[in-house]
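Structure first, then comments.
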Amino acid sequence: MEAQAQGAKPVSPVGTIEIRIGRAVVKVDGLVDADMLRIVLGSLRS
Numbered sequence: 001m002e003a004q005a006q007g008a009k010p011v012s013p014v015g016t017i018e019i020r021i022g023r024a025v026v027k028v029d030g031l032v033d034a035d036m037l038r039i040v041l042g043s044l045r046s
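Using UniProt numbering, you'd call the opening residue of the sequence shown number 1 and step up by one each time.
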């Protein structure tokens, strides 16, 4: 808790993001947080 008190980000959990679009499946294993979700969704737009 001391790290949070000093303004550090909390530790993000390790997990999986899985997005299904029609028959395609995008699956990312590893760090799961809001920033990673933004990166994955942003890459799908381009």
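Cβ atoms here follow ideal geometry from the backbone N, Cα and C, with glycine treated the same way.
Rounded straight-line distance, which links the Cα of residue j to that of residue i
i: Leu31; j: Ile39; result: 12 Å
i: Gly42; j: Met36; result: 10 Å
i: Leu44; j: Val11; result: 26 Å
Within 8 Å, strictly: CB atoms of residue i and residue j
i: Ile17; j: Val25; result: no
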